[in-house]
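Protein chains in written order, with the numbering used here: chain S, 1 to 95; chain Z, 1001 to 1330.
All residues carry an ideal CB built from backbone N, CA and C; glycine is no exception.
In what follows, a single structure is set out as structure tokens and then discussed.
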Amino acid sequence: MSLFIYGTATNTGKNFFTHQDRLDFFLSGHPGNIWVVGNNEKGAVWLASKNGITKTKSEAQAIVDAEITAAQAAWDALPDDEKTGSTRPGNITLP
Amino acid sequence: MTTYKEVFGKYVRSVSSDPPAAAGTGEIWYNTSSNTFKTVGFNFAWSSGGALPSVNNGLTGAGTPTAALGMGSRTGPQASNSYEYDGSSWTSGGSLGAPMGNSGGAGTQTAGLIFGGGPGGGSSTTSKKYDGSSWTATNAMNNQRFLPSGFGTSQTAAVANGGGSPAGVLSTSEEFDGTNWTNSGTMNQARMSCTGAGTQTSGITFGGLNYPAGTAYANAEEYNGSSWTNVGAMNVARGMYAGGSGATVESAYAIAGDGPGNPDSNKVESYDGTSWSTRPNLATGRRSGAADSGATTTSAIFFGGRVGGSDQSITEEFTGTAAVKTVTTS
């Protein structure tokens, strides 16, 4: 059994995830509204309750990669003075 | 062997059931039902908070987790905006009057202060203070700065330190007394994109970057009102932007940030006056977000920022809830 569930869900703000949720299961958010959720009952129930759409790990990684690639291209196209004080978006590898 | 009574002046009490967590804070007891020693610890975690009215990166923050102030933005029309948080939702505050981004912040929700930065994250000597409804320009800082550290829980006793400028990365600091900025001590490490916590007479700055190499720093320096002293380093090197919070040095948090090998970090650490300890990660790592300036050892917030190439409106709230825990030797 894999350690994580992958899915898309939109963060709706307050109580989208609670203090208790964070104690009950692993959770991390990524570009493209991708959420990596601990693969236990509470994690699965949480993703379903947020109308999450389950993805495979490779599908989720592809969504993140597309977001990052677009962000890197946008950053590369900036004039040098606008790059000052900001950093080029780095690649993200989902756990 | 020294006994508990010799150290604390009383015996460990024996009980058959645990007291409520809140009543047991600071105590240790023996539970005769489970045959274990018990005490009260804290369960720390980040939960989602209300969303900012607009996506935002390069903003700065002030106030407390339940009465916070968000100010400026690196880009977009929201660069002139301020926002107020009540612990649940954000509402619009007074207009800054002009774009400010990559600035420093200090003070409270009803007596806030923003300084440095500028349109597109440029550098400036601009300083403005807030009365809870409108912003007023103050006398200018002595040094142009962008991405400075700012700390101070009072609008009339704040510190600006480090940052970038046309002359390069700065090691200087200056104090604001509510009217004027006055030059103060020089840090041991020139740094931009650092952040800070505490007060004008007892503060700390940490993290940051050099430029243009972009090397990230983990080291920290404490400020005593006149000079800077190197202290214990964070576990993770990163440019902190405005991700530092803490009403005191002993409740300082380093939240998120960005650095080589650590992009859009979700890492969080807290300082106890001596060393840094890892705290639970944010759910969403990001750079260029902001924190309140009045965090306690059990509460803080972090809002806005940038993930990949997307500016964020999300807020996360850090809380520690008391819980009965079994004492182990590990």
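Just checking: is the beta-carbon of residue i within a distance shorter than 8 Å of some beta-carbon in chain Z?
i: S/E59; result: no
i: S/A74; result: yes
i: S/I63; result: no
i: S/T18; result: yes
i: S/L3; result: no
i: S/I53; result: no
i: S/S49; result: no
i: S/N11; result: yes
i: S/N15; result: yes
i: S/E41; result: no
Please go through the same chain and pick out, in chain order, the residues whose beta-carbon is closer than 6 Å to the beta-carbon of residue i, but skip the five residues on each side of it.
i: S/K57; result: Y6
i: Z/Y1085; result: A1068
i: Z/N1183; result: N1142 and E1174
i: Z/S1054; result: Q1078
Excluding sequence positions up to five away, which residues of its chain have a Cβ less than 8 Å from the Cβ of residue i?
i: S/A44; result: I5 and V37
i: Z/S1034; result: T1326
i: Z/G1289; result: N1057, L1059, Y1241, A1242, G1243, I1255, A1256, F1302, F1303, G1304, G1305, R1306 and Q1312
i: S/I34; result: Y6, G7, T8, K55, A60, I63, V64 and L94
i: Z/R1279; result: F1044, Y1253, V1268, E1269, S1270 and F1318
i: Z/T1036; result: Y1030, T1326 and V1327
Who are the Cβ neighbours of residue i in its own chain at under 7 Å, not counting the five residues just before and after it?
i: Z/G1273; result: V1249 and E1250
i: S/N39; result: M1, S2, L3, F4 and I5
i: Z/N1188; result: E1221, W1228 and N1230
i: Z/N1102; result: G1058, R1074, G1117, G1121, F1146 and L1147
i: Z/P1166; result: S1123 and Q1144
With DSSP as the reference, identify every bridge partner of residue i, one or two as the case may be.
i: Z/F1146; result: Z/G1164
i: Z/V1007; result: Z/V1007 pairs with nothing; no bridge assigned.
i: Z/N1219; result: BP columns for Z/N1219 are empty, so no partner.
i: Z/Q1312; result: Z/N1056
i: Z/N1031; result: Z/V1015 and Z/T1036
i: Z/S1277; result: Z/S1270
i: Z/M1192; result: Z/L1209
i: Z/L1113; result: Z/A1106 and Z/K1129
i: Z/S1227; result: BP columns for Z/S1227 are empty, so no partner.
i: Z/Y1258; result: For the record, residue 1258 of chain Z in the displayed sequence is Asp; it is not Tyr. Z/D1258 pairs with Z/G1239.
i: Z/S1299; result: Z/T1296 and Z/T1319
i: Z/T1066; result: Note: Z/T1066 sits in no beta bridge, so no partner.
i: Z/I1204; result: Z/A1197 and Z/E1222
i: Z/N1043; result: Z/T1321
i: Z/A1290; result: Z/A1242 and Z/F1303
i: Z/V1159; result: Z/F1151 and Z/E1175
Does the beta-carbon distance from residue i to residue j come in below 8 Å?
i: Z/E976; j: Z/N1139; result: In this structure chain Z extends from 1001 to 1330, so residue 976 of chain Z is not present and cannot be described.
i: Z/G1162; j: Z/F1146; result: no
i: Z/Q1144; j: Z/T1156; result: no
i: Z/V1015; j: Z/N1031; result: yes
i: S/G32; j: S/V64; result: yes
i: Z/F1176; j: Z/L1113; result: yes
i: Z/G1049; j: S/K14; result: yes
i: Z/S1095; j: Z/W1135; result: yes
i: Z/A1190; j: Z/A1216; result: no
i: Z/S1127; j: Z/G1185; result: no
i: Z/T1205; j: Z/S1149; result: yes
i: Z/S1082; j: Z/G1093; result: yes
i: Z/T1319; j: Z/S1299; result: yes
i: Z/G1117; j: Z/G1072; result: yes
i: Z/V1040; j: Z/T1064; result: no
i: Z/G1152; j: Z/Q1200; result: yes
i: Z/A1106; j: Z/A1158; result: yes
i: S/I92; j: S/I68; result: yes
i: S/F16; j: S/K50; result: yes
i: Z/N1219; j: Z/A1233; result: yes
i: Z/G1239; j: Z/G1261; result: no
i: Z/A1160; j: Z/G1225; result: no
i: Z/P1212; j: S/P89; result: no
Does the beta-carbon of residue i, which I'm using as the reference point, lie nearer than 7 Å to any heavy atom of the ligand HEM?
i: Z/A1021; result: Although the ligand HEM was asked about, the structure shown includes no ligands whatsoever.
Can you find a C-beta in chain S that's less than 8 Å from the C-beta of residue i?
i: Z/A1213; result: no
i: Z/A1283; result: yes
i: Z/V1236; result: no
i: Z/A1291; result: no
i: Z/A1051; result: yes
i: Z/N1266; result: yes
i: Z/R1191; result: no
i: Z/D1272; result: no
i: Z/I1114; result: no
i: Z/R1287; result: yes
i: Z/V1012; result: no
i: Z/I1301; result: no
Self-check item: Cβ pair count under 8 Å reaching 3, the region 1076–1084 of chain Z against the region 1312–1325 of chain Z
Solution: no
Practice problem: Could you say if the region 72–79 of chain S and the region 1283–1297 of chain Z meet the contact criterion of at least three C-beta pairs nearer than 8 Å? | Solution: no
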